[in-house]
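By the UniProt record's numbering, the letter at position 35 of the sequence shown is numbered 35, and the numbering carries on one by one without gaps.
Everything below concerns the one structure shown next.
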Amino acid sequence: TQSNINKNIPPQLTDKDLFGNETTLAVSEEDIQAALEGDEFRVPLNSPVILVQSGSRAPETIMQEEMRKYYTVSTFSGIPDRQKPLTCNKNKDKNENEDVASAENMN
1 TQSNINKNIP PQLTDKDLFG NETTLAVSEE DIQAALEGDE FRVPLNSPVI
51 LVQSGSRAPE TIMQEEMRKY YTVSTFSGIP DRQKPLTCNK NKDKNENEDV
101 ASAENMN
């Protein structure tokens, strides 16, 4: 079934995982074309870079080794943090006027 398939595939990073929720950012087709027509992009040798392989706890060893030939590499997990759902528990056993709310986020 579809739910069994999804359980076996590691979660992938999305643009929101990296950059947050940028729904207010207006980018036009002209903006994209202007960026593509800009100067060539180069990363100087031995520059610090972040290496992420989406869907993996760490980038593959061969990828890390190749990148380290040219850059100072820091690796990060390519699996997004799982967040516990926000919960609100009202405990009125002790006192009718006392509400207990708890929220936890596992980051």
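C-beta: ideal position from N, C-alpha, C; glycine also.
Note that the coordinates shown come from a computational prediction; the quantities given were computed from them, not determined experimentally.
With 16 or more other CB atoms across the displayed protein chains lying within 10 angstroms of its CB, residue 78 is buried. For residue 62, the enclosing alpha helix (DSSP H) starts and ends at 61-68.
With contacts defined by Cβ atoms closer than 8 angstroms, residue 47 and residue 72 form a contacting pair. A distance below 6 angstroms between beta-carbons, with the five flanking residues on each side excluded, links residue 55 to the following residues of its chain, in chain order: 10, 12, 78. Secondary structure note for residue 32: its alpha helix (DSSP H) is the uninterrupted segment 29-36.
Rounded to the nearest whole angstrom, the C-alpha separation of residue 32 and residue 68 is 31 angstroms. For residue 80, no beta strand (DSSP E) run applies, since DSSP gives it neither H nor E. Within its own chain, the residues whose Cβ lies closer than 8 angstroms to the Cβ of residue 51, once the five positions on either side in sequence are excluded, are 59, 63, 64, 67, 73, 74, 75, 76, listed in chain order. When 36, 16, 70 are compared, the shortest CA-CA separation from residue 45 is found for 70. Following the DSSP letters along the chain, one finds residue 50 inside the beta strand (DSSP E) bounded by residues 48-52.
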